[in-house]
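Below: the structure, in structure tokens.
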Amino acid sequence: MKTFSITDVGMVRQVNQDYVYMTNQPLGPLPNLFVVADGMGGHQAGDYASKYTVEILKRELKQSDEGDIEKALVSSIKTANREIIKAASQDSHLKGMGTTVVAATIVNQMMYFANVGDSRLYLINQGIVQLTKDHSLVEEMVRLGGIKPEEAKHHPDKNIITRAIGAKENVEVDFYEHRLKKGDIILMCTDGLSNMVEDEELFHIVQGGRDIVEAAESLAETAKENGGTDNIGIVLVEPFADEVSIC
């Protein structure tokens, strides 16, 4: 397995509120963990929220004796939600903070992942498919038939999210599983990338890179060339990169 992550403050923001994390070392029931979080809130609250959420996930998973991956992952995200709300209530500088989160683990050929908010997980192979669903106002409008999918990309309310860590006492976490195959590349990112670069271009950049390091750096640069109006957080995973085909 090959992995690489990168964050960039972008061209407009003063503070980087995106936080990425990855490890190939076991955390409790998980053999590995990949996380992207996009913080929100004034002053330093957003970057605190994203980093603190990842720290809680790591702690909770490490201590977990839960054998079921879904229960372990969802439970750790819900604990992070409670602790973010508690921290915000105790410190006026952190009031109103929150973060998105998308977290994944790979077990043999299966990928298990969960998300809250509009940070995304894509699967890239012959094409590109977004496997997570955005918890955003425009996505709800698309689902209800109010607007067409192509209108959502440039809708004025596209940054309004309907779920976040720290927003409500009881957070709803989406959980997925997906069987991986040879040649798959996983792209996890914040909306600072997905809002700046069309899906088709994401696909061509990832497939055109000499390796995932070059691909990730090219993705960040392209987002900045296209305006870079937000922070950029990226994790790329090539699950079967080390496997040699025998002809």
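Numbering (full-length UniProt numbering), first residue to last: 1 to 247.
The C-beta atom is built at its ideal place from N, Cα and C for all residues, glycine as well.
3 or more residues per run - each beta strand (DSSP E) lying fully within the stretch 146-199: Qualifying beta strand (DSSP E) stretches, in chain order: 174-179 and 185-189.
CA nearest to the CA of G192, picked from G42, A103, G127 and R13: By 1-based counting over the sequence shown, the position of residue 192 is 192. G192 has its Cα closest to that of R13, out of G42, A103, G127 and R13.
contact_flag[the stretch 211-225, the stretch 128-146] where n(CB pairs < 8 Å) is 3 or more: Contact between the stretch 211-225 and the stretch 128-146 is absent, with fewer than three C-beta pairs closer than 8 Å.
Beta-carbon gap between L131 and A103 smaller than 8 Å: Within the sequence shown, numbered from 1, the residue matching residue 131 stands at position 131. Within the sequence shown, numbered from 1, the residue matching residue 103 stands at position 103. No.
Nearest-angstrom Cβ-Cβ length linking V15 and V35, presumed shorter than 8 Å: For the purposes of this step, residue 15 is taken as the residue at position 15 of the sequence shown. For the purposes of this step, residue 35 is taken as the residue at position 35 of the sequence shown. Contact doesn't hold; Cβ gap of about 19 Å is too wide.
Contact set for S245: own chain, Cβ-Cβ below 7 Å, skip 5 residues either direction: Within the sequence shown, the letter at position 245 stands for residue 245. Per-residue confidence for S245 stands at a pLDDT of 45, beneath the threshold of 50, marking its modelled position as unreliable; the derived number appears in the next sentence. For S245, where only same-chain residues beyond five positions count, there are no Cβ hits under 7 Å.
Start-to-end residues for the alpha helix (DSSP H) that takes in A87: Residue mapping note: residue 87 aligns to position 87 of the sequence shown, counting from 1. Per DSSP, A87 belongs to the alpha helix (DSSP H) from I69 to Q90.
Among S76, V138, I56 and F4, nearest to A87 - alpha-carbon criterion: Counting from one through the sequence shown, the residue named residue 87 turns up at place 87. Answer by Cα proximity: I56.
Buried or exposed by the 16-neighbour rule on C-beta atoms within 10 Å, applied to P239: Numbered from its first residue, the sequence shown carries residue 239 at position 239. The C-beta of P239 has 16 or more other C-beta atoms within 10 Å across all chains shown, which makes the residue buried.
R120, buried or exposed, once every other Cβ within 10 Å from all chains shown has been counted against 16: To locate residue 120, count along the sequence shown from 1; it is residue 120. Result: buried.
Bridge partner(s) assigned by DSSP for E238: In the sequence shown, counting from the first residue as 1, residue 238 sits at position 238. Beta-bridge partners assigned by DSSP to E238: K2.
Simplified DSSP state of V36, which is helix, strand or coil: Here the question's residue 36 lines up with position 36 in the sequence shown. Three-state DSSP puts V36 in a strand.
Test item: CB-CB of A164 and T100 under 8 Å: The residue you call residue 164 lines up with position 164 of the sequence shown. The residue you call residue 100 lines up with position 100 of the sequence shown. Yes, they are a contact pair.
Length of the line joining the Cα atoms of K148 and V138: Numbered from its first residue, the sequence shown carries residue 148 at position 148. Numbered from its first residue, the sequence shown carries residue 138 at position 138. It is roughly 10 Å from the alpha-carbon of K148 to the alpha-carbon of V138.
Proximity below 8 Å, CB of I69 to CB of Y112: Working through the sequence shown from its first residue, we reach residue 69 at position 69. Working through the sequence shown from its first residue, we reach residue 112 at position 112. Yes, the pair counts as a contact, with Cβ atoms nearer than the cut-off.
Helix, strand or coil at G208 [DSSP, three-state]: On the sequence shown, position 208 is the one that residue 208 refers to. Note: G208 maps to helix in three-state DSSP.
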